[in-house]
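Counting in our numbering, the sequence shown runs from -10 upward without gaps. Accompanying notes for the structure given below.
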Amino acid sequence: MLNENLIEKLNQLEEKHKKLQQDLSDPAVMKEMNRFRSLSQEEKELSDTLVVYRNYNEALKQLRENEELMGVEKDPDMLEMIKEEITKLKEQIESYENLLIISLLPKDPRDSRNAIMEIRAGVGGEEASLFA
């Protein structure tokens, strides 16, 4: 389960995402291409994280519902199905938690820059140049 600080950070990102969407719909921002481009990139990065966060919250909700059903249900077949579902949901939640933690790590500012790489053929004559 994510700690309170991470959940608070994700809630702040959700608010920031809403603000970015409002800014992007502003006609004045659309006229400034550089600002529009940077806001669009930031919105895209946030939306990827928030999709995982929403899936995480939905899985938690389903887990709680299934745990409530465990206490009420009497049918052994249904209990077995609920246990299997709970196991799957716990695995999903753990996966979402790992993705969220990774997505909240600070980004390297050089990641968004372009790079030019030259590849040359080495020793091996024509065959080496075919693969380069």
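Every residue gets a Cβ at the ideal spot worked out from N, C-alpha and C, and that includes glycine.
{"query": "Output needed for L49: all residues of its chain with C-beta closer than 7 Å, excluding positions within five of it in sequence on either side, in chain order.", "result": "I82"}
{"query": "If you run the structure through DSSP and keep just helix, strand and coil, what is K8?", "result": "helix"}
{"query": "Could you check what DSSP says for L94 in three-state terms: helix, strand or coil?", "result": "coil"}
{"query": "Leaving out the 5 sequence neighbours to the left and right, which residues in its chain are closer than 8 Å to L89 when beta-carbon positions are compared?", "result": "L(-9), L(-5), L(-1), T38, V41, Y42, Y45"}
{"query": "Between the alpha carbons of L28 and E34, how many angstroms are there, rounded?", "result": "10 Å"}
{"query": "Please look up how many angstroms separate the CB atoms of E32 and Q1, rounded, as I've assumed it's under 8 Å.", "result": "Their Cβ separation, rounded to whole angstroms, is 15 Å, which puts E32 and Q1 out of contact at 8 Å."}
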